[in-house]
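Taking it in order: structure first as structure tokens, then the write-up.
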Ligand code: FES
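Protein chains in written order, with our numbering: chain A, 133 to 382; chain B, 6 to 236.
See below:
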């Protein structure tokens with residue numbers, strides 16, 4: 133099938149970008165979206181043109197490296213699917229697709245469809261961890277975790293940090309990401325000692341990175357390839373409020 | 006640092022955080038929501054006749070200083086709600102300096118995306134409403150009074166809504182309020198962290214039902230006046 137692409141081309145962070153039209157006349161329906169871009173890129177290279185830059189790594193939907201906006205929807209129209217796992221059979225002959233990078237002040241464009249997401253790493257460094265003594269591994273069953281909590285923590289931990297939530301949010305808010313990371317540790321016994329500090333510090337870092345604030349539009353939840361629910365944002369609010377009220381020092 | 010200074014600093018930090026401002030939006034929103042319900046219950050007494058409505062109005066006015074305290078509290082609540090909203094809006098615009106060329110919505114409701122429009126429209130309506138029925142400046146002939154010197158609420162309402170453009174403004178404003186509440190009421194639960202899969206569907210239903218009742222109840226009054234049912 134024939135696919136028409138309008139792709140955001142931007143040389144580097146400081147250059148202005150623009151949409152450029154490309155045509156891929158022989159797309160196979162079994163290709164993934166990224167494989168289709170590979171085909172396009174090979175042709176661009178043969179023609180001596182600059183290939184389209186996009187982020188990717190595992191291509192299995194588990195690493196969170198890939199992602200751009202297809203016709204206004206992060207990761208494209210297929211729910212619960214990263215763009216690397218999106219197959220061309222979901223499109224039809226003659227489709228015109230607009231590809232744009234994640235748009236957020238906190239995610240500056242590096243080149244074309246690739247953005248710098250290190251703001252997420254800094255939110256994690258601010259508190260998305262637990263302090264454990266290194267050395268011998270702890271006994272696997274020493275700390276009992278109720279099944280329900282383990283499941284909820286796992287649901288939150290599924291977040292691969294791709295940034296689709298930020299891209300989908302009209303406010304470029306990172307609250308689904310931060311909420312998921314706070315929830316994942318807050319639900320487990322190992323996360324308790326640093327729970328209050330974590331909520332305060334991660335929220336503060338989120339603001340410092342110039343992400344916007346949630347207006348409960350819930351578009352993030354609809355595009356999340358890992359089905360993270362906004363219930364996790366509410367849990368972050370609970371932790372932030374209780375930490376603000378109850379923390380004794382600081 | 007003294008305990009008071011530490012508490013103050015912590016309060017400031019709470020306000021400065023996006024999450025803190027959202028909590029302020031939710032709590033002030035909840036107060037205003039309760040006020041709107043109370044206000045509607047007061048309004049609906051128009052169907053019980055002039056004596057009942059005027060007696061209710063007189064009772065409120067006779068509260069004296071307490072009435073002014075309530076008015077001051079409501080004004081402060083509105084001011085906080087607007088300030089937090091304006092600051093969040095500013096911050097949110099700054100967070101997305103470049104928009105998308107193609108924008109689609111998967112599940113975001115129209116009401117949720119237009120709170121920043123419905124909010125200022127409602128602020129404008131509140132000012133108009135106060136100048137209309139509270140001060141009487143926008144009421145043709147000004148406020149009417151009963152024989153015992155109280156405001157003749159009933160006569161003012163009939164007078165005000167008999168002028169159809171005023172009724173149209175009220176009806177449209179109530180529809181805007183409906184949009185604002187349909188997103189705001191459930192949101193105020195989410196924004197203070199109250200989201201649980203067992204209760205959220207009921208919170209959503211409650212929000213929808215409350216919105217419909219408030220909009221229908223308030224709109225019924227200008228309609229009843231224009232239809233000649235209340236006169
Ligand atoms: S490339 Fe790893 S999730 Fe898509």
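Using N, Cα and C, we set each Cβ at its ideal position, and we do this for glycine too. Note that the coordinates shown come from a computational prediction; the quantities given were computed from them, not determined experimentally.
Closest Cβ-Cβ distance between residue 13(B) and chain A: below 8 Å?
Not an interface residue.
Burial state of residue 227(B), where buried means 16 or more other Cβ atoms lie within 10 Å:
Counting the other CB atoms within 10 Å of its CB gives residue 227(B) a total of 16 or more, which places it among the buried residues.
In terms of residue numbering, what span does the alpha helix (DSSP H) encompassing residue 75(B) cover?
70–100
Indicate whether the contact test is met: 3 or more Cβ pairs, each with one atom in the stretch 162–173 of chain B and one in the stretch 360–373 of chain A, closer than 8 Å.
no
On the DSSP letters alone, give me the boundaries of the alpha helix (DSSP H) that residue 191(A) sits inside.
Note, residue 191(A): premise wrong, no alpha helix (DSSP H); not H, not E.
Given a threshold of 16 other Cβ atoms within 10 Å of its Cβ, counted over all protein chains shown, does residue 140(A) qualify as buried or as exposed?
buried
Answer yes or no: do residue 297(A) and residue 352(A) have a C-beta to C-beta separation smaller than 8 Å?
yes
Anything in the stretch 342–368 of chain A with a Cβ closer than 8 Å to a Cβ of chain B? List those residues in chain order, please.
342, 343, 344, 345, 346, 347, 348, 349, 350, 351, 353, 354, 355, 362, 363, 365, 366, 367, 368
Closer than 7 Å, Cβ to Cβ, to anything on chain A: give me those residues from the stretch 93–107 of chain B, in chain order.
For the stretch 93–107 of chain B, which is checked against every Cβ of chain A, the residues closer than 7 Å are 93, 96, 97, 99, 100, 101, 102, 103, 104, 105, 106, 107.
When you compare the CB of residue 199(B) with every CB in chain A, is at least one pair closer than 8 Å?
yes
Reference residue 245(A); option with closest CA among 181(A), 273(A), 207(A), 313(A):
For residue 245(A), the closest alpha carbon among the candidates 181(A), 273(A), 207(A), 313(A) is that of 207(A).
CB-CB length for residue 343(A) against residue 299(A), believed under 8 Å
The pair is not a contact, with the Cβ atoms about 12 Å apart (cut-off 8 Å).
Taking DSSP as the reference, what is the three-state secondary structure of residue 137(A)?
strand
Name, in chain order, the residues that DSSP records as bridge partners for residue 206(A).
201(A), per the DSSP bridge assignment.
Cβ of residue 192(A) within 7 Å of any heavy atom in the ligand FES?
yes
Is it true that the stretch 258–275 of chain A meets the stretch 156–169 of chain A, where meeting means three or more beta-carbon pairs spaced less than 8 Å apart?
no
At the 8 Å Cβ level, is residue 20(B) part of the contact set with chain A, yes or no?
no
Distance, Cα to Cα, residue 191(B) vs residue 215(B)?
10 Å
Alpha-carbon to alpha-carbon, residue 326(A) and residue 350(A):
28 Å
Any heavy atom of the ligand FES closer than 7 Å to the CB of residue 293(A)?
no
For the ligand FES, I want to know if residue 196(A) counts as a neighbour, meaning its beta carbon is within less than 7 Å of at least one of the ligand's heavy atoms.
yes
Put residue 190(B) into one of helix, strand or coil per three-state DSSP.
helix
Could you give the C-beta distance for residue 22(B) and residue 335(A), rounded to a whole number, given that I count them as a contact under 8 Å?
5 Å
Does the contact criterion of 3 or more C-beta pairs under 8 Å hold for the stretch 194–213 of chain A versus the stretch 90–107 of chain B?
yes
Mind checking the stretch 148–172 of chain A against chain B and listing, in chain order, the residues whose C-beta falls within less than 8 Å of any C-beta there?
151
Cutoff 8 Å; reference residue 281(A); Cβ partners in own chain excluding five residues on either side
319, 320
Chain A within 8 Å of residue 113(B), Cβ atoms only:
yes
Quick one: any contact between the stretch 38–55 of chain B and the stretch 208–222 of chain B, if contact means 3 or more CB pairs under 8 Å?
yes
I want to see whether chain B comes within less than 8 Å of residue 312(A), judged by CB atoms only; does it?
No, because no Cβ of chain B sits closer than 8 Å to the Cβ of residue 312(A).
Status (buried if at least 16 other CB within 10 Å, exposed otherwise) for residue 71(B)
exposed
Within a Cβ cutoff of 6 Å, which residues of the same chain sit near residue 218(A), ignoring the five residues on either side of it in sequence?
Excluding sequence neighbours, residue 218(A) sits near 165, 208, 210.
Is the Cβ of residue 235(A) closer than 8 Å to any Cβ of chain B?
yes
Measuring alpha carbon to alpha carbon, tell me which of 257(A), 181(A), 184(A), 360(A) ends up nearest residue 286(A).
Nearest option by C-alpha distance: 360(A).
Cα separation between residue 265(A) and residue 242(A)?
38 Å
Smallest Cα separation from residue 27(B): which of 212(B), 197(B), 209(B), 235(B)?
Ranking the options by Cα distance to residue 27(B), first place goes to 197(B).
Is residue 188(A) a contact residue of the ligand FES, with contact defined as CB to any heavy atom under 7 Å?
yes
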